[in-house]
Amino acid sequence: MTASASSLAEKESRLAFWMLAPTFTVVFAFVVFPVLWNIWLSLKPVSLADLRGSSLFDFNLTLGNFGKVFGDPEFSEVFFVTLIYTLGGSFFSILLGLTAALLLHEQFPGRSLLRGLLISPYIAPVVAVT
């Protein structure tokens, strides 16, 4: 590779970085930072009552909060109800969507109208905002 081709590739690489930087910043600010902050708070031995008086940046870390949650007698029941609700809801949503997609893929009279009716809830919020 010549010096000019190397220089051009380096410029394109720098341009790509600066074009992606705002996206990475937003993702970090609204996804990565809150997740890390919640993990940090979960390791702190504080409750909402005494949160005001304590420092959030001291290194007094504990797994006591997890012990309280997992040691609660109602935890297993709540966990399994949530698991059933989540898996059941996901399964039936996928099943319904796949069935509708396969049916609407076939040729039949009124297919375009039915497709329009099914996609209208996605269009309605955009129309309501504008």
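Under our numbering, the first residue of the sequence shown is numbered 1488, with each subsequent residue one higher. Note that beta-carbon positions come from the ideal geometry of N, C-alpha and C, so glycine has one too.
Item	Value
Secondary structure, alpha helix (DSSP H): runs of 4+ residues fully inside the stretch 1521-1586	1551-1558
8 Å Cβ cutoff met for Leu-1530 and Leu-1548	yes
Cβ distance (whole Å) where Leu-1601 is taken to contact Leu-1585 below 8 Å	With 8 Å as the limit, Leu-1601 and Leu-1585 do not qualify as a contact, their Cβ atoms being about 16 Å apart.
Cβ separation of Pro-1532 and Gly-1551, assumed to be a contact under 8 Å, to the nearest whole Å	6 Å
Pair within 8 Å by beta-carbon distance, Phe-1562 and Val-1568	no
Check whether Ala-1587 and Leu-1604 have beta carbons under 8 Å apart	no
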